[in-house]
Amino acid sequence: MKKSGCTKCHAVAAKKEGPPYKETATKYKGKANAEAELFKHLTTNPKVKVDDKEELHDNLKTKNEADIRNVVRYILTR
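Read in order, the letters of the sequence shown correspond to residues -4 to 73 in our numbering.
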């Protein structure tokens, strides 16, 4: 996550440009497909809203599926 620059826009509990991981975990809590949705979000450059404008969310810098799944689980367990 550090290598991918995630902490530039996200923190565990504090709001930055992007939502905190705790907020993201709450958003996905109880969803059967939470891991798959977040995996897709972190690997497909979706459009996100920042300061009332849309921009592309950066992908994780790794293509290693196990590493990506570890990041997804980390976020979902905050």
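Cβ coordinates follow ideal geometry from the N, Cα and C atoms, glycine included. Quantities reported herein were computed from a predicted structural model and do not represent experimental measurements.
Three-way DSSP call (helix, strand, coil) for Val45 in this model = strand
message = On the DSSP letters alone, give me the boundaries of the alpha helix (DSSP H) that Asn65 sits inside.
response = Glu60 to Leu71
request  = Return the Cβ separation of Ala31 and Lys17 in integer angstroms, given the expectation that the two are a contact with Cβ distance under 8 Å.
outcome  = At roughly 20 Å, the Cβ-Cβ gap does not stay under 8 Å, so Ala31 and Lys17 are not in contact.
message = Here's the rule: buried if 16 or more other CB atoms are within 10 angstroms of the residue's CB, otherwise exposed. What is Val67?
response = buried
key: Nearest-angstrom Cβ-Cβ length linking Thr38 and Ile70, presumed shorter than 8 Å   = Wrong, their Cβ atoms sit about 13 Å apart, outside the cutoff.
message = Judging by CA-CA distance, which residue of Ala29, Lys56, Leu51 and Thr72 is the nearest neighbour of Lys(-2)?
response = Lys56
message = So, at 6 Å on beta carbons, what are the nonlocal neighbours of Val43 in its own chain, with the 5 sequence-adjacent residues on each side left out?
response = His52
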